[in-house]
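Engineer: Before anything else, here's the structure in question.
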Amino acid sequence: MEQNNTNEDSGQTKRNTRSIILILIAIVIVLAGGACGYWYFAKEMPYNIAIKNLENGDFSTARNTFTQLAPYKDSQNYIEKSYYEEASSSYDNGDYQTAIDILVQHSTTDEAKKLLEDAYCKKAEDLCNNKDFESAIDILENQVSSDTADKLLETVYYKQADDYFEKGQYIKAEEILKDNANTEDAKALLEKIQKNIRYEAAKDKLAEANNDLAIRATGLCTLSEDKTRLELYQGSEDPTITGIAMRLVFDKLNLPVSIMNDMLNVSTALFGGSGESTSGDYKVAWSYFDGVHLEISVLSIDEMK
């Protein structure tokens, strides 16, 4: 009898042990499943969603998610990629300043550094087209260093000088190009500018002659508003152009003797003749009227302004 009871107790113990083992296995399975579920819903799923957001251009949302997930998988790399992609999108849309603002803080790769350089150049080009030349020059001289930037800088200098030229500010135009005329177009513009400077100087000399004549009272005179034409004339008591007045004009304009002789030709004066001659970068023209009035003009040549 005792033997049978012992056998029954042993069997019961084995059954209880198996039950406990099964329960423990079930608990392990449940815990593992929960861990896997947590891993998927807390890490993998938001990670994949963030990648989709990045691909769809929702850079800020994607970057925030990757920041929360880091260092999970490639989250840190995707953070940097989100900055680059956002800057690249801004660049493609012509918003170069936003691209610059992003990349100044986040250009850790060669690709990002190249995009930053391109953005600076495009920004400078836009500024130049809007005639903000100084800002464009500041960017190209101080923010970026490359062959592309150097060539663009030459273009900006040229356009700035040309803008001053069109406004008649020849001295400023010359100051810009005298040390920056590295292309054939720039050299041609510089030559044109310097011709105009000499032409303007000739007009100033004609004005000086007018002032000196008025002070000396050697003859009555009238200077045109644009300072290109001086009329000399005498009153009825002396209906001739005095040699003193004419020589003063010749000296001021530094005219060669040949032009002076042509202008003083008696027959030309008596018969109301006229003539012209080239002197340096401008022409000198003269006309007599009734043997009493002499009009002397300085005229531009070579299609100068």
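Under my numbering, the first residue of the sequence shown is numbered 38, with each subsequent residue one higher. Note that the Cβ used here is the ideal one computed from N, Cα and C, for glycine as well.
1. Counting only runs that start and end within the segment 221-254, where is the beta strand (DSSP E) found for 3 or more residues in a row?
2. Going straight from the alpha carbon of Glu268 to that of Trp323, what length do you get?
3. Do Tyr84 and Tyr121 have their CB atoms nearer than 8 Å?
4. Would you mind stating whether Val181 and Glu154 have Cβ atoms separated by less than 8 Å?
5. Let me know if Val294 comes out buried or exposed under the rule of 16 or more other beta-carbons within 10 Å of its beta-carbon.
6. Exposed or buried, Phe103, counting other C-beta atoms within 10 Å across all chains shown (16 or more means buried)?
7. Give me the Cα-Cα distance between Lys209 and Asp200, rounded to the nearest whole angstrom.
8. To the nearest angstrom, how far is the alpha carbon of Ile116 from that of Glu211?
9. Rounded to whole angstroms, what's the CA-CA distance from Ile213 to Ile234? Just pull it up for me.
10. Quick one: Cα of Val321 to Cα of Leu226, how far?
11. Give the DSSP bridge partners of Arg266, in chain order.
12. Which whole-angstrom value describes the C-beta separation of Arg266 and Ser334, a residue pair presumed to lie in contact below a C-beta threshold of 8 Å?
13. Per DSSP, which one or two residues make a beta bridge with Gly13?
14. For Ala63, which residues from the same chain have a beta carbon less than 6 Å from its beta carbon, with the 5 sequence-adjacent residues on both sides left out?
Structural biologist: The structure says:
1. Entirely contained in the segment 221-254, not one beta strand (DSSP E) run reaches 3 residues.
2. Position 231 of the sequence shown holds residue 268. Position 286 of the sequence shown holds residue 323. Taking the straight line joining both Cα atoms gives about 9 Å.
3. Locating residue 84 in the sequence shown gives position 47, counting from the first residue. Locating residue 121 in the sequence shown gives position 84, counting from the first residue. No, the Cβ-Cβ distance between Tyr84 and Tyr121 is not below 8 Å.
4. By one-based count along the sequence shown, residue 181 stands at place 144. By one-based count along the sequence shown, residue 154 stands at place 117. Yes.
5. The count along the sequence shown starts at 1 and reaches residue 294 at position 257. The C-beta of Val294 has fewer than 16 other C-beta atoms within 10 Å across all chains shown, which makes the residue exposed.
6. Within the sequence shown, residue 103 is the residue found at index 66, counting from 1. Burial state of Phe103 is buried, judged by a 10 Å Cβ sphere holding 16 or more other Cβ atoms.
7. On the sequence shown, position 172 is the one that residue 209 refers to. On the sequence shown, position 163 is the one that residue 200 refers to. When the Cα atoms are used, Lys209 and Asp200 turn out to be separated by approximately 10 Å.
8. For this step, residue 116 is matched to residue 79 along the sequence shown. For this step, residue 211 is matched to residue 174 along the sequence shown. C-alpha separation (whole angstroms): 50 Å.
9. Mapped onto the sequence shown, residue 213 falls at position 176. Mapped onto the sequence shown, residue 234 falls at position 197. Computed Cα separation, rounded: 14 Å.
10. Working through the sequence shown from its first residue, we reach residue 321 at position 284. Working through the sequence shown from its first residue, we reach residue 226 at position 189. Val321 and Leu226 have their alpha carbons spaced roughly 24 Å apart.
11. Here residue 266 refers to the residue found at position 229 when the sequence shown is read from its first residue. According to DSSP, which records beta bridges pairwise, Arg266 is partnered with Ser334.
12. Position 229 of the sequence shown, counted from the first residue, corresponds to residue 266. Position 297 of the sequence shown, counted from the first residue, corresponds to residue 334. With a Cβ gap of about 5 Å, Arg266 and Ser334 count as contacting.
13. Here the chain covers residues 38 to 342 and nothing more, so residue 13 does not appear.
14. Position 26 of the sequence shown, counted from the first residue, corresponds to residue 63. Caution applies to Ala63, whose pLDDT of 49 falls short of 50 and renders its modelled position unreliable; the value that the coordinates give is listed next. Counting only residues of its own chain and dropping the five nearest sequence neighbours on each side, Ala63 has no CB closer than 6 Å to any other CB.
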